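Structure first, then comments.
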Amino acid sequence: MSTTTYRSICGEESTPYIDRDRCIRALYARLHHYLQQDWGDYPICSYLREKIGSRDGSESDARLLLHVQMNVVYERFARHADQEAPALLERVEDDCC
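In terms of numbering that gives the first Met the number 0, the sequence shown has 31 at position 32, counting the first letter as 1, and numbering is strictly consecutive.
Right, here's the structure in full:
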């Protein structure tokens, strides 16, 4: 019996699933790094700093926070011309949310 998943519909069944917890921690680490660089009056940074706080991505709701703040998180990565993090964020979304 086969299960219908997002990957099977898209024809990507052979793509291996990611280590969700490791990837989420990596995304949080990058966010913290970029937020430390942007201490100006940029409202999105203040907003994201407030939402993330001292979280490191190991919390039970870490994935949900990334999902809910998706556009703001993408904006942070784009502002720093980070090409790896958005791809990783997309994989986390596809595999885990």
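Think of the CB as a built atom: it goes at the ideal place given N, C-alpha and C, for glycine as much as any other residue.
Quick caveat: nothing in here was measured; it's all calculated off a predicted structure.
Are there 16 or more other CB atoms within 10 angstroms of the CB of residue i, so buried, or fewer, so exposed?
| i | result |
| --- | --- |
| Arg62 | buried |
| Val67 | exposed |
| Arg75 | buried |
| Gly56 | buried |
Out of curiosity, what's the CA-to-CA distance linking residue i and residue j?
| i | j | result |
| --- | --- | --- |
| Gln82 | Leu30 | 13 angstroms |
| His32 | Arg48 | 11 angstroms |
| Arg19 | Asp94 | 8 angstroms |
| Arg90 | Pro42 | 27 angstroms |
| Ile51 | Trp38 | 15 angstroms |
| Cys60 | Arg54 | Correcting the residue identity first, residue 60 is Asp in this sequence and not Cys. Cα to Cα, Asp60 sits roughly 10 angstroms from Arg54. |
Thinking C-alpha only, which one of the options is nearest residue i?
| i | options | result |
| --- | --- | --- |
| Ile23 | Ala80, Arg78, Met69, Ala77 | Met69 |
| Val71 | Ser53, Arg21, Pro85 | Pro85 |
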